[in-house]
Amino acid sequence: MGWKTLDDMDLHGKRVLVRVDINVPVEKGRVTDDTRIQRIVPTVQDILAKGGRPVLLAHFGRPKGKRVQDLSLLVVKPALEAALNRKVVLAETLEAVETGTEEITKADVLLLENIRFYPGEEKNDPGFAQRLAALGDVYCNDAFSAAHRAHASTEALARLLPCCAGRLMQAELSALEAALSKPERPVGAVVGGAKVSTKIELLENLVNRLDLLVIGGGMANTFLGAMGADLGSSLSEPDFFETAKDIMLQADKAGCRVLLPVDGLVAREFKAAAPHEVVELGPDTTLAADQMVLDAGPATVALVEAAFAGLKTLIWNGPMGAFEIPPFDTATVAAAQAAAQMTRDGALISVAGGGDTVSALNQAGAAEDFTYISTAGGAFLEWMEGKTLPGVAALGG
Ligand code: ADP
Ligand code: MG
Numbered sequence: 595m596g597w598k599t600l601d602d603m604d605l606h607g608k609r610v611l612v613r614v615d616i617n618v619p620v621e622k623g624r625v626t627d628d629t630r631i632q633r634i635v636p637t638v639q640d641i642l643a644k645g646g647r648p649v650l651l652a653h654f655g656r657p658k659g660k661r662v663q664d665l666s667l668l669v670v671k672p673a674l675e676a677a678l679n680r681k682v683v684l685a686e687t688l689e690a691v692e693t694g695t696e697e698i699t700k701a702d703v704l705l706l707e708n709i710r711f712y713p714g715e716e717k718n719d720p721g722f723a724q725r726l727a728a729l730g731d732v733y734c735n736d737a738f739s740a741a742h743r744a745h746a747s748t749e750a751l752a753r754l755l756p757c758c759a760g761r762l763m764q765a766e767l768s769a770l771e772a773a774l775s776k777p778e779r780p781v782g783a784v785v786g787g788a789k790v791s792t793k794i795e796l797l798e799n800l801v802n803r804l805d806l807l808v809i810g811g812g813m814a815n816t817f818l819g820a821m822g823a824d825l826g827s828s829l830s831e832p833d834f835f836e837t838a839k840d841i842m843l844q845a846d847k848a849g850c851r852v853l854l855p856v857d858g859l860v861a862r863e864f865k866a867a868a869p870h871e872v873v874e875l876g877p878d879t880t881l882a883a884d885q886m887v888l889d890a891g892p893a894t895v896a897l898v899e900a901a902f903a904g905l906k907t908l909i910w911n912g913p914m915g916a917f918e919i920p921p922f923d924t925a926t927v928a929a930a931q932a933a934a935q936m937t938r939d940g941a942l943i944s945v946a947g948g949g950d951t952v953s954a955l956n957q958a959g960a961a962e963d964f965t966y967i968s969t970a971g972g973a974f975l976e977w978m979e980g981k982t983l984p985g986v987a988a989l990g991g
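Residue 595 is where the sequence shown starts when you use this note's numbering, and the numbers rise one by one after that.
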């Protein structure tokens, strides 16, 4: 909570080094989705409005410390200029900025070439950070999605200059703090998705902080399996039965209610419109060897919706079923719409993140109504795991 925003900084006549995430998808030399570029516009505009001159620092792909021409930010420049509605000058080297050609000295918005061309970046090298710091007066980090990595442009640099969060970082940190650090209670989460094994730390952190945990998706099969159910060929991880039991125990100790599916949609094929039936689920369930649970059933959805009604804050990561193949998106869509409605009514603060989660909430038409949707991927998950993010810590967070 110790971080500053652009509102706290005097930027007049200053060069502001801004770490951004414009690592956008590109095909045949064209940006195919400019969402990440659009999201940094408010920060750049606000710096300009305050009389500052932004110098954008960004990575693109994985050049691993070498100059790789295919990974030049030149390809991103036209989309950036279109989004900002002004000219951007690409500085191909640090030397070019250090010596200051006329074009570079006069530029309103400067974009430094792919920061990962320099081996010092990913090593968080202090000397390299010093070199970057010498290019500006103020540091602004607007790349929450890169904040889980301690790199020179996300970590060391913040310690060398007066620093603040950009608008996107500010929005993300405010939303995540509201959801997990000091949430309005009762606070609950939906954790779904494929596997327990990828979300152990997340589950352990959440059960110790929340009042309610809804477990859905493939990982619910592992929990039911751990309790004794035989779920046929459902996605399940018997190697993690002990982990699942341990998480249930921790939840019990911490006073977190865990809600597992009480019924599911069961099919014999993993494909859209596969014939299916609703089956009750519990510790005594035995499915045939070729049957699999692909979604939560209607009784579970009713329980989840009733549980939501008692919450003030909801965190969501992971779909409740195989949402890519309808109708096995039914539970996810219904629960997402319930959360969206409560949020619209002002009754719920709802924060969601995760690649498939964002797709699923978009598919449900619920994303717009959520209080905040994080597109930060790995950084969002590490925050939910309770880890300190180096890029946030360096800002004073
Ligand atoms: P996120 O990307 O939001 O963190 P995950 O990657 O953990 O989410 O999980 C999403 C995946 O989980 C989806 O591909 C979905 O099909 C799969 N999934 C969810 N429930 C099931 C299930 N019952 N059986 C098989 N796959 C499932
Ligand atoms: Mg995923």
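A virtual CB, placed ideally from N, CA and C, is assigned to each residue, including glycine. Treat the numbers as computed from the prediction; the structure is a model and nothing was measured.
message: Please state the DSSP three-state secondary structure of MET763.
response: helix
**Under 7 Å, CB to nearest heavy atom of the ligand GDP: contacting residues** = In the structure on display, the ligand GDP does not appear, and the ligands it does have are the ligand ADP and the ligand MG.
Quiz item: Cβ of LEU888 versus every heavy atom of the ligand ADP: is any distance shorter than 7 Å?
Solution: yes
Open item on the list: Measuring straight from C-alpha to C-alpha, what distance separates ASP719 and ARG710?
Closed with: 12 Å
- Item | Touch test, the stretch 763–771 against the stretch 965–983, Cβ-Cβ under 8 Å, three pairs minimum | yes
Next item on the list: Could you tell me if the beta carbon of ASN911 falls within a distance shorter than 7 Å of some heavy atom in the ligand ADP?
Entry: yes
Entirely enclosed beta strand (DSSP E) segments - the stretch 767–837, minimum 3 residues = 781–785, 806–809
_Cut-off 6 Å between Cβ atoms - residues of its own chain near VAL620, not counting five sequence neighbours on either side_ = VAL669
Would you report the Cα separation of LEU806 and ALA814, rounded to the nearest angstrom?
15 Å
*Should GLU918 be listed as close to the ligand ADP, given that the test is whether its C-beta is under 7 Å from any heavy atom?*
yes
**Message:** In the DSSP assignment, the beta strand (DSSP E) including MET603 goes from what residue to what residue?
**Reply:** Here MET603 belongs to no beta strand (DSSP E), and DSSP marks it neither H nor E.
Please work out which residues of its chain come closer than 6 Å, Cβ to Cβ, to TYR733, disregarding the five sequence neighbours upstream and downstream, and give them in chain order. LEU611, LEU751, ALA752, LEU755, CYS757
Notebook entry, point to check: For LEU691, which residues of its own chain have a beta-carbon under 8 Å away from its beta-carbon, when the five flanking residues on both sides are left out?
Noted result: A small fix is needed here, since residue 691 is Val in this sequence, not Leu. Closer than 8 Å at Cβ, skipping near neighbours: VAL649, ALA685, ILE698, LEU704, LEU706, LEU729.
Hey, how far is the Cα of GLY891 from the Cα of ASP857? 5 Å
Tell me the DSSP bridge mates of LEU704? VAL649, VAL683
* VAL872 - containing alpha helix (DSSP H), residue span -> Careful: VAL872 lies outside any alpha helix (DSSP H), inside the beta strand (DSSP E) at 870–874.
GLY947: first and last residue of the uninterrupted alpha helix (DSSP H) it sits in: First-last for GLY947: 943–947, but that is the beta strand (DSSP E), not the alpha helix (DSSP H).
Q.
Count Cβ pairs between the stretch 895–910 and the stretch 933–944 that sit closer than 8 Å; are there 3 or more?
A. yes
Review point. Alpha carbon to alpha carbon, how far is GLY971 from GLY947?
Key: 7 Å
Tell me whether THR792, by its Cβ, gets closer than 7 Å to a heavy atom of the ligand ADP.
yes
_VAL621 - DSSP class collapsed to helix/strand/coil_ = Checking the displayed sequence, the identity of residue 621 turns out to be Glu instead of Val. Strand, per DSSP.
Does the distance between the C-beta of THR853 and the nearest non-hydrogen atom of the ligand ADP fall short of 7 Å?
As written in the sequence, residue 853 is Leu, which differs from the Thr given in the question. No; taking the cut-off as 7 Å, the Cβ of LEU853 has no heavy atom of the ligand ADP nearer than that.
7 Å CB neighbourhood of GLY811 in its chain, flanking five on each side removed: GLY786, GLY787, ALA788, GLY912, PRO913, MET914, GLY915
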